[in-house]
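Quick note: the sequence shown uses my numbering, first residue 950, plus one each step. Structure, as structure tokens:
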Amino acid sequence: MLDATNRSGGTATAPPRASAAQLTAVVPAAVSSAGLTARCARFLLSPWSRLSLLVVLLASAASTMLLLEPQNLLTDGLPPQLGGAAAVVAYAVAYGVCTVAFVPRPILNLAAGALFGSQWGLGAALGGTVLGAGLAFCLGRALGQDALRPLLRGRWLKAADNQLSRHGFRSMLAARLFPGVPFAASNYCAAVSRMGLLSFLLATGLGSVPNTAAYVVAGARASTPTSPAFLIALACITVPGLLGAVVAWRKRHRLRAR
């Protein structure tokens, strides 16, 4: 039988084999690269990295809103190319994004009434309210819950967390109905708790109806400030606000007395 030399008609040269020293040099390099990638992934997915990302996103959104000045809708109106149901849907989406960026809801509710009237304005405002609350809840749950839950050590923080976790729908419904509770703060507090998303959205939609309707009607009737509808809406805004301030003042003094 012919060997490799005879088959080729001459001298055959075997391919060089990697030495043991070269192999031992390549393997640690690959292991080191994989370890570095794993460490970077753990760092980027760590609770505090995600919380930092949430803070950056919210700060960027708030800065963008300051530059865009959405309150100009009250004077300039919607772009002329938008109209009908498309305008209502577009406003609801913009409303939700604006609430995530900390734009005050009263301004958005007044603008909804001024732009679309009482009925369509209420629909747009409520849709935007639920959308914005859902966006904030999902962002807080995904990026902030793991980092913030270990910090719930105080008695009041634990009590609030237990209330939201065990009685989420009832607690959030009360927070939406009670005037003076910051919208963004209640969204992120619910996100840090173990409250379910569906209960949160239902409570937000139902609890936001009275206050939202009052602002929307006031915006729709702002051109006739002496009309009964405007005066009733103004009373529905002012009276609960005063009652909320009195309750908060009394609770503050009770806590100081303790």
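We put the beta carbon where it would ideally sit given N, CA and C, even for glycine. As the structure is a prediction and not an experimental result, all values here were calculated from the model.
Assuming residue i contacts residue j (C-beta within less than 8 Å), just tell me the rounded distance between them.
i, j, result
"Leu-1080", "Val-1042", "7 Å"
"Leu-1122", "Gly-1156", "4 Å"
"Ala-1096", "Pro-996", "4 Å"
"Gly-1168", "Leu-1059", "4 Å"
"Thr-1078", "Thr-1013", "Thr-1078 to Thr-1013, Cβ: 20 Å. No contact."
"Ala-1140", "Ala-1085", "7 Å"
"Leu-1071", "Thr-1161", "7 Å"
Start and end of the alpha helix (DSSP H) containing residue i?
i, result
"Ser-1001", "996-1017"
"Val-1042", "1033-1049"
"Gly-1156", "1146-1156"
"Leu-1097", "1094-1097"
Quick one: Cα of residue i to Cα of residue j, how far?
i, j, result
"Leu-1101", "Ala-1073", "36 Å"
"Arg-1104", "Ser-1142", "15 Å"
"Val-1038", "Pro-1174", "28 Å"
"Phe-1051", "Gly-1045", "10 Å"
"Phe-1132", "Thr-986", "40 Å"
"Ala-1163", "Ala-1061", "12 Å"
"Ser-1120", "Gly-1033", "36 Å"
"Arg-1118", "Leu-1150", "Looking at the sequence itself, residue 1118 is Phe, so the reference to Arg does not match. Spanning the two alpha carbons is a distance of roughly 9 Å."
"Leu-1064", "Leu-1075", "15 Å"
"Ala-1011", "Val-1188", "30 Å"
"Val-1196", "Gly-984", "57 Å"
"Ile-1181", "Ser-1067", "13 Å"
"Leu-1106", "Tyr-1040", "36 Å"
"Cys-1047", "Pro-1099", "30 Å"
"Trp-1198", "Val-1005", "34 Å"
"Cys-1087", "Ser-1148", "13 Å"
"Ala-1008", "Arg-1054", "18 Å"
What residues in its chain sit with their C-beta under 8 Å from that of residue i, if we drop five residues either side in the sequence?
i, result
"Glu-1018", "none"
"Gly-1190", "Pro-1128 and Gly-1129"
"Ser-1135", "Met-1121, Ala-1124 and Arg-1125"
"Leu-1192", "Pro-1128"
"Ser-1176", "Arg-1170"
Can you find a C-beta in chain D that's less than 8 Å from the C-beta of residue i?
i, result
"Ile-1181", "Among the protein chains of the structure shown there is no chain D, as only one such chain exists."
With a threshold of 7 Å on Cβ separation, who are the neighbours of residue i within its own chain once the five nearest residues in sequence on each side are excluded?
i, result
"Leu-1092", "Arg-999, Leu-1000, Leu-1002 and Leu-1003"
"Ala-1178", "Val-1166 and Arg-1170"
"Leu-1114", "A small fix is needed here, since residue 1114 is Ser in this sequence, not Leu. Hits under 7 Å: Ser-1142, Arg-1143 and Met-1144."
"Val-1049", "Ala-1010, Gly-1081, Leu-1084 and Ala-1085"
"Gln-1094", "Ala-1140 and Val-1141"
"Gln-1112", "Ser-1120"
"Leu-1183", "Ala-1167"
Beta-carbon within less than 6 Å of residue i's beta-carbon, same chain only, minus the 5 sequence neighbours each way: which residues are those?
i, result
"Cys-1185", "Ala-1163"
"Leu-972", "Residue confidence for Leu-972 is low, a pLDDT of 48 falling below 50, so the modelled location carries little weight; the figure read from the coordinates is stated next. Contacts found: none."
"Leu-1126", "Gly-1156"
"Tyr-1137", "Gly-1089"
"Pro-1159", "none"
"Trp-1069", "Val-1037"
"His-1116", "none"
Return yes when at least one heavy atom of the ligand MG lies under 7 Å from the C-beta of residue i, else no.
i, result
"Val-1037", "Questions concerning the ligand MG fall outside what the structure shown contains, since it holds no ligand whatsoever."
message = Which runs of the alpha helix (DSSP H) at least 4 residues long sit entirely within the segment 1070-1136? Give them in chain order.
response = 1094-1097, 1104-1115 and 1117-1126
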